[in-house]
Every structure is written in structure tokens, then in C-alpha cells.
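One structure below.
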Amino acid sequence: CVDYFEYMKYQSGQNYSLRGRTAESVQRAIHQWHDRVFLMDHSENFHLSWDGIEDFDLSFSFQGNDYRCIQLKSGKELDQEGKSLKHCVITYAPSCSNDFCSIWSLRQKIGGNFTRVLTLEVINNVIVQARGKQNLLPSNEQMKVIRNWSERMEFKLRLHKNE
């Protein structure tokens, strides 16, 4: 829901209002928007890139599993993340390039390879959103990993966008 409202307010170019809309019509519009996001050509965002924070070793072990959390620093990387996890993270490219937020890919080592499991949105060193495949919320076990990583990064954890 938050992605849709942020898009309508900041990127759509429309003067969006909830006036006269029912909860059902808003929910329908959100689902239609998410469906369109997957079909849209986002190549205008591919050229965008940003510096991000300093590079350092973002690999860690937690409860017997190996993880890596990588900051995504280009529209192309966001596109790959979104296609892999089937969500709309590519729409965050303008916000990332304007230093409004940063997007991180949490990957777990499975069978010798690091597999994308969650995408995290960070604003001002606060993790505000975490989503898995098809926008699923993190499991209880994944929340433990996020808490561990946030402590390592000295990020606060306030997942208000997950509500």
C-alpha cells in the first residue's frame, strides 16, 4: 500500500486524493498498479546509479547460516532484484538516486550459492521495510536475521512500511 501511495504522491504527476474512494476501490487500484509495474518498461531507471555507503564486508553468519547483505546501487541492480523476487523495487530507483533511501538485498547461502531472500529499505539508518518473494513479509526466523544485521550495521529497526 505504501509503495502505491508514495508513487501516486511523488512520481505519478497526478493530484491524487482518497476523496470519494472506498477501501475496496483503493485495494483494487493498488493490485492493478502492482500488476502494471511488472509489465512496465523501467529502462528509464536503468541509467540511474548512486554511491551508497562505504563498501565493507557485509557477509556474516547467524544461527549456523551464512548471509550477505548487499546495497543495491543502480537501477539495473534494482531491476534484477525485483525480477528475482517478483516485486516492484525498481520503482525506488529515483528515490535512491536522490538519496532519499537505500535498498539492500539480503542473501542466504543455499547449496553453495547466495540466494536472494529479502529486500530491505533503509531511510536515515532505519530499516523501514523488508519484503520477500512477491512482497511476502519476513518470517520469524528472517526477522531474527534482520535484527542481527541491523545491530551489526548500527541501523534502527522500525518496519512501519510492513504494516
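For the sequence shown, our numbering begins at 943 and goes up steadily by one. For each residue, glycine too, the CB sits at the ideal point set by N, CA and C. Being a predicted model, the structure only gives us computed values, none of them experimental.
Taking 8 angstroms as the threshold (C-beta atoms), are residue j and residue i in contact?
i, j, result
"G994", "Q1022", "no"
"T1057", "V1031", "no"
"L1027", "K1075", "yes"
"L1079", "N1104", "yes"
"V1059", "Q1084", "yes"
Which word fits residue i, buried or exposed, when buried means at least 16 other C-beta atoms lie within 10 angstroms of its C-beta?
i, result
"S1044", "buried"
"Y1009", "buried"
"E1063", "buried"
"R1094", "exposed"
"I886", "Residue 886 cannot be examined here, being either before or after the span of the chain that is shown, 943 to 1105."
"L960", "exposed"
"G1107", "This structure leaves residue 1107 out entirely; the chain is present only between 943 and 1105."
"R1049", "buried"
"H1029", "buried"
"C1011", "buried"
If you draw a straight line from the C-alpha of residue i to the C-alpha of residue j, how long is it?
i, j, result
"D945", "Q956", "15 angstroms"
"A919", "N1066", "Any question about residue 919 goes unanswered here, given that the chain covers just 943 to 1105."
"S991", "H973", "28 angstroms"
"F1002", "F1097", "16 angstroms"
"W1091", "G1017", "24 angstroms"
"V1070", "R1100", "5 angstroms"
"A965", "N1082", "29 angstroms"
In chain order, what residues of the same chain have a beta carbon less than 8 angstroms from the beta carbon of residue i, not counting five sequence neighbours either side?
i, result
"L1020", "N987, L1014, V1031, I1032, Y1034, A1035, C1038, I1045"
Excluding sequence positions up to five away, which residues of its chain have a Cβ less than 7 angstroms from the Cβ of residue i?
i, result
"C943", "I972"
"Y958", "M950, K951"
"H976", "C1030"
"H1102", "V1070"
By Cβ distance, which residues of its chain are closer than 6 angstroms to residue i, with the 5 residues on each side in sequence left out?
i, result
"F1004", "V1087, N1090"
### Query
Which ranges does the beta strand (DSSP E) cover as unbroken runs of at least 3 residues, wholly within the stretch 1024 to 1082, from first to last along the chain?
Segments of the beta strand (DSSP E) lying fully in the stretch 1024 to 1082: 1044 to 1052, 1055 to 1065, 1068 to 1073.
### Message
As an exercise, report each continuous alpha helix (DSSP H) stretch of at least 4 residues that is fully enclosed by the stretch 946 to 995, in chain order.
### Response
The alpha helix (DSSP H) runs of length 4 or more contained entirely in the stretch 946 to 995 are, from start to end of the chain, 965 to 981.
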